[in-house]
Amino acid sequence: TNGLGFEVRCRVLLTTPLETFSVGQSIVISRGLIDVLPDEASLAMAISDELAHIALGHRTETMFAFSDFTIFEDAEILDRMRLDRSPEEIEAAGVKALEMLERSPYGDKLSQAGLFLKALERRAPHLPNLIRSNFGNSLASPDRLLRLAELAEQAPELDEERLEQIAALPLGSRVRLDPWTNEIALKEAKPVELRTAKDKMPFEVTPFMPYLTRLE
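Residue numbering for the sequence shown is 29 to 244, as defined by the numbering used here.
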């Protein structure tokens, strides 16, 4: 619907902090972000921001393409490998992303994506480690949204007490990771019946319930 004449691939980063970034024509989205996004329109919003960077020709730092710049210990990767965008690139990509979303099949469903951003902005002061990206630019700081803030401004009022308004999901809601193979798959579970607003648990860790059996 946007007439983009190039192929783009997506990869999932097996980390929890909420982030996306792009390298060449590949978009990387973290497992944690996929977990908490409430619907397809919100996923389209997250991907469109990086797709806009690619469409606008914003280039990634090329120094890491040379082996002499990547000779460091594994423990140093998160400190030394940064794929940040400049403020000017972030602003331009935000405008382009909104244009593409409005022309996409999700153009009339963006209110839910905006609600997600509002929920993230409200919870961000209490989630410093979750909103701190490992490689790319963060979606939010403890004070404000850093990307696609215009979309949040167009969203309806966020009311966390309304059971039917699901702005964000708990961590671990969508992606299942096999610890033996590192393979991931989307969970195929029925929606949980909500009884109170506290059951929604946006951006929170889902409870761990041990199941014990007696061995005869």
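Built from N, CA and C at the ideal position, the CB exists for glycine as well.
Please report how far the alpha carbon of residue i lies from the alpha carbon of residue j, in whole angstroms.
| i | j | result |
| --- | --- | --- |
| R242 | L155 | 39 Å |
| M109 | P133 | 35 Å |
| A217 | G33 | 36 Å |
| A177 | L65 | 16 Å |
| L148 | L199 | 13 Å |
| D77 | H86 | 12 Å |
| R204 | L197 | 15 Å |
| L222 | D67 | 17 Å |
| L41 | V51 | 13 Å |
| N162 | S54 | 17 Å |
| S166 | R59 | 15 Å |
| Q182 | Q193 | 16 Å |
| A180 | G142 | 4 Å |
| W208 | K215 | 17 Å |
| S169 | R160 | 8 Å |
| I75 | P115 | 18 Å |
| K228 | E130 | 29 Å |
| R172 | L145 | 10 Å |
| T43 | I57 | 9 Å |
| E35 | L79 | 11 Å |
| L111 | R37 | 17 Å |
Pull the bridge partners of residue i from the DSSP assignment, please.
| i | result |
| --- | --- |
| V40 | I57 |
| S257 | Nothing in the structure corresponds to residue 257, since the chain is present only between 29 and 244. |
| S166 | E47 |
| A125 | According to DSSP, A125 bridges with nothing at all. |
| R204 | A213 |
| L12 | With the chain covering only 29 through 244, there is no way to say anything about residue 12. |
| L173 | A168 |
Please classify residue i: is it buried, with 16 or more other beta-carbons within 10 angstroms of its beta-carbon, or exposed?
| i | result |
| --- | --- |
| R113 | buried |
| S139 | exposed |
| L126 | buried |
| E47 | buried |
| R151 | buried |
| D63 | buried |
| A83 | buried |
| R190 | exposed |
| G31 | exposed |
| R202 | buried |
| P45 | buried |
| A72 | buried |
| A225 | exposed |
| A69 | buried |
| A213 | exposed |
What is the C-beta distance between residue i and residue j, in whole angstroms, given that I count them as a contact (C-beta under 8 Å)?
| i | j | result |
| --- | --- | --- |
| L158 | F49 | Contact flag wrong, Cβ pair sits at about 16 Å. |
| R175 | G122 | 6 Å |
| H81 | E119 | That belief does not hold up - the Cβ atoms of H81 and E119 are roughly 11 Å apart, past 8 Å. |
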